[in-house]
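Numbering (this note's numbering), first residue to last: 102 to 564. A short write-up of the structure that comes next.
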């Protein structure tokens with residue numbers, strides 16, 4: 102293989118590891134619950150949410166640090182941290198230790214997600230970057246969609262194996278990356294991002310997730326929920342104020358003034374809420390309503406993962422020729438169609454009649470929409486800001502995971518037919534919202550001169 106091919110494979114491989122752990126743990130839940138029988142379902146939900154929250158809070162600072170320190174160096178450090186934290190997860194003696202190790206794993210994953218796309222983009226000319234983003238997005242979507250079947254297979258022996266599997270893969274990515282990746286950085290960037298702002302964002306997201314998760318058991322009007330929501334509002338407001346005043350903010354306000362970037366990331370947030378809530382709902386529905394084993398439930402979603410991989414690459418090429426909206430809107434609508442089919446499922450298993458076509462439509466829709474949204478977000482961003490900008494897009498996706506998972510537990514775990522219908526209806530609403538946002542992306546052509554002016558400002562003011 103050429104150096105370029107190895108570099109792309111390394112960056113995609115690192116991203117695959119980080120995105121795989123957003124979903125593979127779902128199928129380990131019963132085993133984790135059995136090991137830590139004293140923990141409540143809400144407490145165990147933090148095994149998922151701790152990972153999402155840390156990623157969402159640290160993605161943007163990680164991208165900024167990579168722009169300044171060097172993307173290869175930061176990427177390899179993230180791979181090392183992720184691999185070591187995976188070992189700590191596998192050896193966790195209690196649920197509290199597991200949550201803490203998952204938070205460390207999330208920190209490593211944040212670095213990998215923030216930098217992996219920025220390492221790929223310089224390997225392609227501008228005209229082919231939508232296809233490059235689609236390749237990266239395909240590996241990420243395939244990883245997330247492959248989590249349940251792979252997890253279902255691995256947990257047959259022990260739930261800890263879902264973390265052990267990261268160790269040899271992480272070592273391989275690190276070893277190949279040292280030789281294949283080339284160092285790149287923003288020569289004009291100085292200093293470090295706002296780490297206090299990142300901490301405020303992490304606490305704010307955590308408080309928001311806690312309020313949503315515990316609203317049902319505490320009571321939505323109870324003082325604890327009201328205070329937690331208020332704390333989340335204050336913390337996130339302080340984060341926003343620091344972004345406006347700090348010379349190196351968590352999120353650069355100038356990036357958000359680029360309309361294509363802001364709108365595409367709103368679409369990523371909404372589709373992330375739909376995707377991550379659906380992945381968890383699928384496992385709970387199959388095991389709770391159709392009474393599938395974990396192994397059978399895991400393999401039941403394989404058609405969706407295959408459809409994601411098959412659809413992503415040609416969709417990227419189509420977007421290069423015809424624009425991102427022409428791919429994103431149909432992709433979101435395919436996802437909605439899949440949700441409509443699965444909502445029609447009854448209490449009796451009907452894999453061929455309902456589940457298979459629903460998974461194919463969902464997977465194809467994700468393979469089309471997610472990578473194209475990522476490409477649309479970056480199309481007007483200058484190359485020296487790829488690290489920070491791609492980190493914002495990945496953070497939006499992970500924030501969608503935080504909200505989607507929290508809302509799913511608030512609505513009710515889909516272990517009954519009625520609860521499953523509610524859960525899938527909510528996911529449908531998120532996907533429709535992403536389609537509506539994507540439908541406005543074509544308006545960017547009317548504001549091209551405005552966007553160029555803003556990009557010149559960004560390029561002239563790296564701090």
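Note that CB positions come from ideal geometry on N, CA and C, so glycine has one too.
Beta-carbon separation (whole angstroms), residue 176 vs residue 115, contact threshold 8 Å | The sequence position of residue 176 within the chain shown is 75, counting from 1. The sequence position of residue 115 within the chain shown is 14, counting from 1. A Cβ-Cβ distance of about 7 Å is found for the pair residue 176 and residue 115, placing them in contact under the 8 Å criterion.
Given a cut-off of 8 Å, decide if residue 356 and residue 362 are closer than it, judged by their beta-carbon atoms.
-> Working through the chain shown from its first residue, we reach residue 362 at position 261. Working through the chain shown from its first residue, we reach residue 356 at position 255. Using a Cβ distance threshold of 8 Å, residue 362 and residue 356 count as a contacting pair.
Where residue 293 falls: helix, strand or coil (DSSP) | The residue labelled residue 293 in the question sits at position 192 within the chain shown. Assigned with DSSP and collapsed to three states, residue 293 falls in coil, not helix or strand.
Do residue 278 and residue 111 have their C-beta atoms within less than 8 Å of each other?
-> Taking the chain shown and counting its residues from 1, the one referred to as residue 278 is at position 177. Taking the chain shown and counting its residues from 1, the one referred to as residue 111 is at position 10. A Cβ-Cβ contact shorter than 8 Å links residue 278 with residue 111.
Spatial distance of residue 542 from residue 425 (CA atoms) = Translated into the one-based positions of the chain shown, residue 542 becomes position 441. Translated into the one-based positions of the chain shown, residue 425 becomes position 324. One Cα belongs to residue 542, the other to residue 425, and the distance between them is close to 8 Å.
So, helix, strand or coil for residue 566, using DSSP?
-> Since the first and last residues shown for the chain are 102 and 564, residue 566 lies out of range.
When the Cα of residue 318 is compared with those of 525, 444, 144, which residue comes out closest?
-> Here residue 318 refers to the residue found at position 217 of the chain shown. In this structure, 144 is the residue among 525, 444, 144 with its C-alpha nearest to the C-alpha of residue 318.
Along the chain, where does the alpha helix (DSSP H) that runs through residue 525 open and close?
-> By one-based count along the chain shown, residue 525 stands at place 424. For residue 525, the enclosing alpha helix (DSSP H) starts and ends at 518-539.
Cβ neighbours of residue 495 in the same chain (closer than 7 Å, five flanking residues each side left out) = Locating residue 495 in the chain shown gives position 394, counting from the first residue. The residues 160, 214, 215, in chain order, have a CB closer than 7 Å to that of residue 495 in the same chain once the five nearest residues on each side in sequence are set aside.
Among residues of its own chain, excluding the 5 on either side of residue 237, which ones have a beta-carbon nearer than 8 Å to its beta-carbon?
-> Here residue 237 refers to the residue found at position 136 when the chain shown is read from its first residue. Answer for residue 237: 112, 113, 116, 217, 218, 221, 472, 475, listed in chain order.
By DSSP, does residue 314 sit in helix, in strand, or in coil?
-> Residue 314 sits at position 213 when you count from the first residue of the chain shown. Helix.
Beta-carbon contacts of residue 261 that lie in its chain and below 7 Å, excluding the five residues immediately before and after = Residue numbering aside, residue 261 sits at position 160 when the chain shown is read from its first letter. Take residue 261, set aside five residues on each side of it, and the residues of its chain with a beta-carbon closer than 7 Å to its own are 191, in chain order.
Do the region 410-418 and the region 457-472 touch if we need at least three Cβ pairs shorter than 8 Å?
-> Look at the beta carbons and you see the region 410-418 touching the region 457-472: at least three pairs across the two are nearer than 8 Å.
If you draw a straight line from the alpha carbon of residue 468 to that of residue 324, how long is it in whole angstroms?
-> The count along the chain shown starts at 1 and reaches residue 468 at position 367. The count along the chain shown starts at 1 and reaches residue 324 at position 223. Rounded to the nearest angstrom, the two C-alpha atoms are 43 Å apart.
Compute the Euclidean distance between the alpha carbons of residue 393 and residue 180, then round it to the nearest angstrom.
-> Taking the first residue of the chain shown as 1, we reach residue 393 at position 292. Taking the first residue of the chain shown as 1, we reach residue 180 at position 79. Rounded to the nearest angstrom, the two C-alpha atoms are 35 Å apart.
Nearest-angstrom Cα distance between residue 329 and residue 509?
-> For the purposes of this step, residue 329 is identified with residue 228 of the chain shown, where counting begins at 1. For the purposes of this step, residue 509 is identified with residue 408 of the chain shown, where counting begins at 1. C-alpha separation (whole angstroms): 19 Å.
Ignoring anything shorter than 4 residues or poking outside the region 487-517, list the alpha helix (DSSP H) runs there in chain order.
-> Counting whole runs of 4 or more residues, the region 487-517 contains the alpha helix (DSSP H) stretches 487-512.
So, is residue 431 buried or exposed, given that buried needs 16 or more other C-beta atoms within 10 angstroms?
-> Translated into positions along the chain shown, residue 431 becomes position 330. By the 10 Å Cβ count, residue 431 comes out buried.
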